[in-house]
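Residue numbers (the UniProt record's numbering), protein chains in the order written: chain A, 1 to 358; chain Z, 1 to 575. Every residue gets a Cβ at the ideal spot worked out from N, C-alpha and C, and that includes glycine. Notes to accompany the following structure.
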């Protein structure tokens, strides 16, 4: 196991920007995720760690060893590719054994280690199968076994679940997490799916346009996003604009519409935000914190017309038009009658759930 | 960030060298060197020969070529173009029609017809022309048959002259249209037609606005291809006695000892061919409709009416007969006793001797052994070059990629006659590229000619397989600790093996059938099979000539069958 340090790493492709100044330290044994929309530079960063690209600037270190210009086959990383990249002309056993054979490990030991690994990923008895005789999920597990059997210092996963269907994806998610915890291996995971990132990671790095937006625990990036991009990319949120009307101690009043003022807490703000009367701010309100209110009056109670009502079984989702804004809300279905489109509704936005994003 | 980070382990000299961006040029320079030595340099030497007469620089030959007083050359150029245009039209009509019938309709005999439709590919050019003269020529089987049947004075029809050349071209080259059109039709997603229909287009509009535009790129590419091959065609004009084509003019100039004129004619023909190659490349780059749909299911309209089925059956039967006749006639004549077939419809006497002689008479066996040896040597070169070049083109990044691609395809565009003339110009005296040896008149000139002519075959099949191969598979091997060479050996090569082998077999077969260049450069000791066939024909030993031909066709069919199987099985990777 090894920690990974990216020391002000940049990568340019000709004149096109790839990745700009990534500066992170990943702890030994950590499950670390690069999250972002496609083209954000997350895969480029991963490929630099694997050695398929060399950085234009900056250094990459495994532990205290500088590997910046080390070719990929000398890095001892295990990588799982998005399309698995299994060798189609080899059997399952041969695929998994490949990395061991490269290392000239004695035959008996290869056999023993491959079989142990096949057991770990629940593929016992599949050794002689050809790759095209496996289902997508099984192929995925072969790819994982192949990467893990060489006992890599670092496990690299490039969108490993994106080719699986929804149900299998969830199962495999637990499987990967289980293996990672069992083996305690430093893992870097690339995905554009925020649910995967949130559920599996110790820490997440959110990227966009080749730049790091925020690094933090799933809790931090969800509840304390540093900017609008992170706020809207992670989970669903209502992003409203408003102007600070006044500050009373720890409370701040913001005018979001001519006749609507909401109150929040000053400490619930991204470091990038300046809270002063007259300043323009963006409010991020998570839909699940907005609840139907019994009365139409009170602090932070807004009234509006239902534009869309969705019943999903476990939840009731409303989109309500409130003045110039639309407010999404989501509540656990508790057998209350569903409001219909066009009905009026009163919703309460708790003070603590208003977050001032940059 | 971390002050205690150790400095990079000093990389070894070798590593820093291989990691440097210029290392790739060390890898690709041998490829360029080979092309320079055996393609560009001979081309250039031919040009030099055409402009220097008795040691003086002169444009005299070109002036003569384009002179309006002695129009032989211009006529030849015109006839070549004329024949080529006609060939494109007839091949296009036959090929596309067959592709549509076979891909879109289900009728009795469809399956066997769609297999046999590729038979002309198995005919080396010389064999194809010979069988046509046996069948439909002035003293051919059919004209004589009709003459007897109707008690005519003269044969009612006979294949000769320009129509003869065009018919032979159509038969041997319609497959280019047929194959590209079939592939294009197979790739046409029926739901596109359905979508157009649901948007209100009638059948005619669907054809005009959807199907034809989608087939256009394939048709244009095949047209250019057929045009190029027709321009290069040598055998058909030779046998049908059309002297005024470019290739024949080159041949005649050479046999008349007018070497600098031959060089000038070669140069003109090269320019035309290269222009067409570039045009084709440009067009393919400019237009290609990748079908966006996944998983296309072919739907065939079944011919249901009884009358329709009979008509189809009869037509299919006629088609099968026409396709099979050239081979059947060769087989028939290969059993005939030499010199007995004179004015009869069919050869009167039969014997097995020719086949026995093939393998027992050392004089008869010699050309077979020659061809096998020459082709094997050439094929080794083609494979080594083709695989290396394909890997470089698909996987490496370097400047001059387009140039390399054009240079590799160049020999394929050059007519065989031109290749031979070029090699003669370049290697009739010692050069650096021939290690200070004179190659003309030696054993090595023929393998070299085969190598140059069929250079692109392995390159093409291998690069097609490599392109299908996901690059991340190779990356996975590297990630697991395999060095470049190890991953090439264990992963890239086995995965590309089907493509490499298919190309190799095809190259071998083409070498075995090569006639056009061989006829200009063979020596009595290295006489290859096709030249032997030609000479036997000249001395009216039809039986032996046809037995050679049948042997050639058998080898070719076996090899084509194997390579199709391989290409079919290996084409799709598992993932």
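So with CB distances below 8 Å, who are the chain Z contacts of residue i?
| i | result |
| --- | --- |
| residue 150 of chain A | 480 and 481 |
For residue i, which beta-bridge partners are listed by DSSP?
| i | result |
| --- | --- |
| residue 155 of chain A | A:78 and A:187 |
| residue 17 of chain A | A:12 |
| residue 326 of chain A | A:321 |
| residue 22 of chain A | A:9 |
| residue 257 of chain A | A:260 |
| residue 350 of chain Z | Z:336 |
| residue 52 of chain Z | Z:57 |
| residue 284 of chain Z | Residue 284 of chain Z is not bridged to any residue. |
For a contact defined as C-beta to C-beta under 8 Å, what are the partners of residue i on chain A?
| i | result |
| --- | --- |
| residue 472 of chain Z | 81, 82, 83 and 85 |
| residue 261 of chain Z | Residues of chain A passing the Cβ test: none, with the nearest at roughly 50 Å. |
Tell me which residue opens and which closes the alpha helix (DSSP H) that residue i is part of.
| i | result |
| --- | --- |
| residue 536 of chain Z | 529 to 538 |
| residue 354 of chain Z | 353 to 360 |
| residue 408 of chain Z | 401 to 413 |
| residue 192 of chain Z | 190 to 198 |
| residue 66 of chain Z | Note, residue 66 of chain Z: premise wrong, no alpha helix (DSSP H); not H, not E. |
| residue 136 of chain A | 136 to 148 |
| residue 85 of chain A | Run containing residue 85 of chain A: none; DSSP gives neither H nor E here. |
| residue 38 of chain A | Run containing residue 38 of chain A: none; DSSP gives neither H nor E here. |
When DSSP labels each residue in this structure, what does residue i get in the three-state scheme?
| i | result |
| --- | --- |
| residue 371 of chain Z | helix |
| residue 334 of chain A | coil |
| residue 154 of chain Z | coil |
| residue 295 of chain Z | Because residue 295 of chain Z sits at a pLDDT of 49, beneath the cut-off of 50, its placement in the model cannot be relied upon, and the following sentence gives the value as read from the coordinates. Here residue 295 of chain Z sits in coil by DSSP. |
| residue 310 of chain Z | helix |
| residue 241 of chain A | strand |
| residue 317 of chain Z | helix |
| residue 510 of chain Z | helix |
| residue 223 of chain Z | helix |
| residue 266 of chain Z | helix |
| residue 291 of chain A | strand |
| residue 272 of chain A | coil |
| residue 315 of chain A | strand |
| residue 275 of chain Z | helix |
| residue 481 of chain Z | coil |
| residue 121 of chain Z | helix |
| residue 130 of chain A | strand |
| residue 232 of chain A | helix |
Who are the neighbours of residue i on chain Z, taking C-beta pairs under 9 Å?
| i | result |
| --- | --- |
| residue 76 of chain A | 481 |
| residue 55 of chain A | Correct list: empty, because the minimum Cβ distance to chain Z is about 12 Å. |
| residue 192 of chain A | Simply none; closest approach about 18 Å. |
| residue 73 of chain A | 477, 478, 479, 480, 481, 482, 483, 484, 486 and 487 |
| residue 146 of chain A | 476 and 480 |
Could you pull out every residue in the same chain whose Cβ sits closer than 7 Å to the Cβ of residue i, ignoring the five residues on either side in sequence?
| i | result |
| --- | --- |
| residue 526 of chain Z | 370, 374, 443 and 446 |
| residue 503 of chain Z | 386, 457, 458, 460, 461 and 462 |
| residue 319 of chain A | 307, 308, 326 and 328 |
| residue 123 of chain A | 92, 138, 141, 142 and 145 |
| residue 262 of chain Z | 250, 253, 254 and 421 |
| residue 336 of chain Z | 347, 349, 350, 542 and 543 |
| residue 294 of chain Z | Summary for residue 294 of chain Z: the model assigns pLDDT 48, below 50, so the residue's position carries little reliability, and this model does not support an answer. |
Excluding sequence positions up to five away, which residues of its chain have a Cβ less than 6 Å from the Cβ of residue i?
| i | result |
| --- | --- |
| residue 240 of chain A | 256, 283 and 325 |
| residue 96 of chain Z | 177 and 181 |
| residue 360 of chain Z | none |
| residue 187 of chain A | 31, 155 and 180 |
With residue i as the anchor, note down where its beta strand (DSSP E) starts and where it stops.
| i | result |
| --- | --- |
| residue 348 of chain A | 344 to 348 |
| residue 91 of chain Z | Per DSSP, residue 91 of chain Z belongs to no beta strand (DSSP E); it is in the alpha helix (DSSP H), 72 to 104. |
| residue 33 of chain Z | Looking at the DSSP string, residue 33 of chain Z is not in any beta strand (DSSP E); the run it does join, the alpha helix (DSSP H), is 23 to 35. |
| residue 469 of chain Z | It is not in any beta strand (DSSP E) - residue 469 of chain Z carries neither H nor E in the DSSP assignment. |
Could you tell me which chain A residues have their CB closer than 7 Å to the CB of residue i, listed as they occur along the chain?
| i | result |
| --- | --- |
| residue 391 of chain Z | Going along chain A, no residue has its Cβ under 7 Å from residue 391 of chain Z, so there is no contact; the nearest lies around 17 Å. |
Under 8 Å between C-beta atoms, does residue i make it to chain D?
| i | result |
| --- | --- |
| residue 129 of chain A | Here the protein chains are A and Z, and chain D is not one of them. |
If the cut is a Cβ gap below 7 Å, which residues of chain Z does residue i touch?
| i | result |
| --- | --- |
| residue 360 of chain A | Residue 360 of chain A falls outside the range modelled here, since chain A spans only 1 to 358, and no answer is possible. |
| residue 102 of chain A | 480, 481, 482 and 486 |
| residue 99 of chain A | 480 and 481 |
| residue 52 of chain A | 475 |
What does residue i reach in chain A if we use C-beta pairs closer than 9 Å?
| i | result |
| --- | --- |
| residue 491 of chain Z | 87, 89, 90 and 98 |
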